[in-house]
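Asker: Each residue of the sequence shown is one higher than the one before, starting from 285 at the first, in my numbering.
Heads up, the beta-carbon is just placed ideally off N, CA and C, and yes, glycines get one too.
Quantities reported herein were computed from a predicted structural model and do not represent experimental measurements.
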Amino acid sequence: MPDLYAVIGNPISHSKSPLIHAEFSKQTDQNMRYEAILAPPDGFSVAVEAFRKFGGRGMNVTIPFKLEACKISTRLTERAAAAQAVNTLALDNDEILGENTDGIGLVRDIVSNLDFIITGKRVLLMGAGGAASGALLPLLEHQPKMLTIANRTKQKAIELQQRFAEYNFVIPADYADLAGHEFDIVINATSASLNGKLPSLPPCIFAAESLAYDMMYGSGPTPFLQFARQQGAVHLSDGIGMLVEQAAESFLLWRGLRPETGPVIAMLRSET
Ligand code: ATR
285 MPDLYAVIGN PISHSKSPLI HAEFSKQTDQ NMRYEAILAP PDGFSVAVEA FRKFGGRGMN
345 VTIPFKLEAC KISTRLTERA AAAQAVNTLA LDNDEILGEN TDGIGLVRDI VSNLDFIITG
405 KRVLLMGAGG AASGALLPLL EHQPKMLTIA NRTKQKAIEL QQRFAEYNFV IPADYADLAG
465 HEFDIVINAT SASLNGKLPS LPPCIFAAES LAYDMMYGSG PTPFLQFARQ QGAVHLSDGI
525 GMLVEQAAES FLLWRGLRPE TGPVIAMLRS ET
């Protein structure tokens, strides 16, 4: 009998996780099955419990259940506790371990795949919701020179900065505050691209040789990446690499093996 895994969310039919994990398990010769589960908006914990009773060993959790997954976890990793959100569950008889691999996936994509150094750099993180919160600790662990959190609603950026107050190089801002400042790495963790929108960034925020990174991905460049290109950002990336890297971190937690991500990223890129 193969070990059972699943991604759970609502909607779920668009999810690339089953494809990614099928590639990982083929590559590493694992006896496992990975499916997609659509849970009703108020049926997340029931669906997880049913999957666990059925022998399920682990789950990826996506929109809109990452906060609820944090609540139903009986134990949280340090990263999940810092993010206050869970995208990976490891299930066994008496424990639900909650982990968050989104931020580490982002950082691995930036550092290992895109060859960008975060340490000592000026980083701008746009957004102060779940995606930004998940990214913060792994980014801060790389000791950027400073990390500015910019959000349309500045108060939420302030609250996020206060949660990480021990890192004294984090600055909360709104978009207007960014005028006159330059950044080496600009990460879009807002959901604006989903609606074809762009946060109201002032011009000239991209330093020479800077990286513009959008956690979203789609068939063409997102509005943020288009703006970045017009503004002279040389290195542009969407979130496909992050998607594959966060999946690889989940796979590592469940199976104790790190799959190769490069071929899977290339495969997804050739499809979009
Ligand atoms: P997620 O889990 O994807 O982070 P979220 O927690 O709902 O989703 O957060 C969405 C983020 O995108 C927020 O930071 C939001 O800004 P506000 O807090 O000011 O609402 C940001 N966002 C969404 N649409 C945006 C837009 N058009 N311009 C700028 N920021 C936007």
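Counting C-beta neighbours from all protein chains within 10 Å, is the total for Phe338 16 or more, i.e. buried, or is it exposed?
Answerer: Residue numbering aside, residue 338 sits at position 54 when the sequence shown is read from its first letter. Residue burial annotation: Phe338 is exposed, with fewer than 16 other C-beta atoms found within 10 angstroms of its C-beta.
Asker: Taking 7 Å as the threshold (C-beta atoms), are Leu421 and Ala366 in contact?
Answerer: On the sequence shown, position 82 is the one that residue 366 refers to. On the sequence shown, position 137 is the one that residue 421 refers to. For Ala366 and Leu421, yes; Cβs fall inside 7 Å.
Asker: In chain order, what residues of the same chain have a beta carbon less than 8 Å from the beta carbon of Ile304, not counting five sequence neighbours either side?
Answerer: For this step, residue 304 is matched to residue 20 along the sequence shown. Residues of the same chain with a CB within less than 8 Å of the CB of Ile304, apart from the 5 flanking positions on each side, are Leu527, Val528, Ala531, Val548, Leu552 in chain order.
Asker: Can you tell me whether Met343 is buried or exposed, with buried defined as 16 or more other CB within 10 angstroms of its CB?
Answerer: By one-based count along the sequence shown, residue 343 stands at place 59. Burial call: buried.
Asker: When every heavy atom of the ligand ATR is checked, does at least one fall within less than 6 Å of the C-beta of Arg436?
Answerer: The residue labelled residue 436 in the question sits at position 152 within the sequence shown. Result yes, Cβ under 6 Å from the ligand ATR.
Asker: Can you tell me whether Gly523 sits near the ligand ATR, meaning its C-beta is under 6 Å from at least one heavy atom of the ligand?
Answerer: Residue mapping note: residue 523 aligns to position 239 of the sequence shown, counting from 1. The answer is no for Gly523.
Asker: Give the straight-line distance between the Cα atoms of Gly516 and Gln439, rounded to the nearest whole angstrom.
Answerer: On the sequence shown, position 232 is the one that residue 516 refers to. On the sequence shown, position 155 is the one that residue 439 refers to. Gly516 and Gln439: Cα-Cα distance of roughly 30 Å.
Asker: In this structure, does DSSP put Phe511 in helix, strand or coil?
Answerer: Numbered from 1 along the sequence shown, position 227 holds the residue referred to as residue 511. Reduced to three states, the DSSP call for Phe511 is helix.
Asker: So is the beta-carbon of Ser440 under 6 Å away from any non-hydrogen atom of the ligand ATR?
Answerer: Counting from 1 along the sequence shown, the entry for residue 440 is found at position 156. Note that residue 440 corresponds to Lys in the displayed sequence, not to Ser. Result yes, Cβ under 6 Å from the ligand ATR.
Asker: Taking C-beta to C-beta, are Arg392 and Lys429 nearer than 7 Å?
Answerer: Residue 392 sits at position 108 when you count from the first residue of the sequence shown. Residue 429 sits at position 145 when you count from the first residue of the sequence shown. It is not a contact, given that the beta carbons lie outside the stated cut-off.
Asker: If I measure Cβ to Cβ from Ser396 and keep anything under 6 Å in the same chain, skipping five residues before and after, which residues do I get?
Answerer: Here residue 396 corresponds to residue number 112 of the sequence shown, with the count starting at 1. Closer than 6 Å at the Cβ level, and outside the excluded window around Ser396, lies no residue.
Asker: Report yes if the C-beta of Ser475 is less than 6 Å from at least one heavy atom of the ligand ATR; otherwise report no.
Answerer: Counting from 1 along the sequence shown, the entry for residue 475 is found at position 191. Yes, the beta carbon of Ser475 sits closer than 6 Å to at least one heavy atom of the ligand ATR.
Asker: What would DSSP say about Asp287, mapped onto helix, strand or coil?
Answerer: Residue numbering aside, residue 287 sits at position 3 when the sequence shown is read from its first letter. It is a strand residue.
Asker: Tell me the rounded alpha-carbon separation between Gln427 and Met285.
Answerer: Position 143 of the sequence shown, counted from the first residue, corresponds to residue 427. Position 1 of the sequence shown, counted from the first residue, corresponds to residue 285. If I take the Cα positions, the gap works out to 45 Å.
Asker: To which residues of the same chain is Ser309 closer than 6 Å at the C-beta, ignoring the five residues directly before and after it?
Answerer: Numbered from its first residue, the sequence shown carries residue 309 at position 25. Counting only Cβ-Cβ distances below 6 Å, and skipping sequence neighbours, we find Met316.
Asker: Could you spell out where the beta strand (DSSP E) holding Phe467 opens and where it closes?
Answerer: On the sequence shown, residue 467 is found 183 positions in, with the first residue counted as 1. 467-472 is the extent of the beta strand (DSSP E) around Phe467.
Asker: Where do the ends of the beta strand (DSSP E) carrying Phe400 lie?
Answerer: Counting from one through the sequence shown, the residue named residue 400 turns up at place 116. Phe400 -> no beta strand (DSSP E), and no H or E assigned at all.
Asker: Taking Ile356 and Ile321 to be in contact with their CB atoms under 8 Å, please state how far apart those CB atoms are, rounded to whole angstroms.
Answerer: Here residue 356 refers to the residue found at position 72 of the sequence shown. Here residue 321 refers to the residue found at position 37 of the sequence shown. With a Cβ gap of about 15 Å, Ile356 and Ile321 do not count as contacting.
Asker: Cβ of Ala415 within 7 Å of Cβ of Met499?
Answerer: The sequence position of residue 415 within the sequence shown is 131, counting from 1. The sequence position of residue 499 within the sequence shown is 215, counting from 1. Closer than 7 Å, so yes.
Asker: Could you tell me the alpha carbon to alpha carbon distance between Ile433 and Arg336, rounded to whole angstroms?
Answerer: The count along the sequence shown starts at 1 and reaches residue 433 at position 149. The count along the sequence shown starts at 1 and reaches residue 336 at position 52. Looking at the two C-alpha atoms, the distance is approximately 38 Å.
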